[in-house]
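S.K.: Take a look at the following structure, please.
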Amino acid sequence: NQPISIDAGTVVLPFTLVKVSKNVDKAKVSPGETLKYTIRVSNVGHKVVSQNTMVIKDTLDDSVTYVMGSMKFVSDVSGIGSGAIPDVQGGGFPLTSGSSIAFDIPRRGGTIDIEFEVTVNRNVQKPMIVNYGHLQQAGGDDLPFQAKSMVQYTAEVQIRNKVYLGHDGGKKCGTDAAVELVEDFVGK
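All the letters of the sequence shown, read from the start, carry residue numbers 36 to 223 under my numbering.
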């Protein structure tokens, strides 16, 4: 309210801010099926995130097996596009020991998706599969993420029949000996 005052405004310095999330393509899965996970890293700050300043680590649930060669990245960064992420030498899951993002992510809206597949083990004995991990920023935050899928089981039906040595229950053959026949049916 001073007649000769000037409003100089507020200065906001550029900052780095990263958001990470994880999604799975199926909320319910049966033993033997494949799940596809997507880890999305988004730059929601006002500054470019420089290459190799973020490391993503992921821990697979012990009820799943990594599908070899299924990991790739998809980026909306101009000139980057998409590409494969090689398995660890000897066929291991690439994110166990961590993987750096090897290119810049532009400010305000640049994203990268890391996708991979796992197969649910047939002998799974739990009601839920939880896959979790975290993103480590150089000199910054450690951001956790996770995705869950419920395990649904199918019933196995077993039918037992006795087959006699004739249509009359074995009376004409002089014996009531029977051969046990077991048929397995798997169904829902």
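The beta-carbon is built from N, C-alpha and C at its ideal position, and this holds for glycine as well.
Of the choices 173, 99, 104, 161, whose alpha-carbon is the least far from that of residue 67?
M.R.: 99
S.K.: According to the neighbour-count rule (16 or more other Cβ atoms, all chains shown, within 10 Å of its Cβ), is residue 113 buried or exposed?
M.R.: exposed
S.K.: Near residue 177, what residues of its chain come up, given a Cβ to Cβ distance below 6 angstroms and the 5 sequence neighbours on each side ignored?
M.R.: 169, 171
S.K.: Between 160, 166, 173, which has its C-alpha nearest residue 186's C-alpha?
M.R.: 160
S.K.: Beta strand (DSSP E) containing residue 151: first to last residue?
M.R.: That run of the beta strand (DSSP E) goes 146-155.
S.K.: State the start and end residues of the unbroken beta strand (DSSP E) segment that holds residue 75.
M.R.: Taken as a continuous stretch (DSSP letters only), the beta strand (DSSP E) holding residue 75 covers 69-78.
S.K.: Could you name the residues that DSSP lists as bridge partners for residue 110?
M.R.: 147
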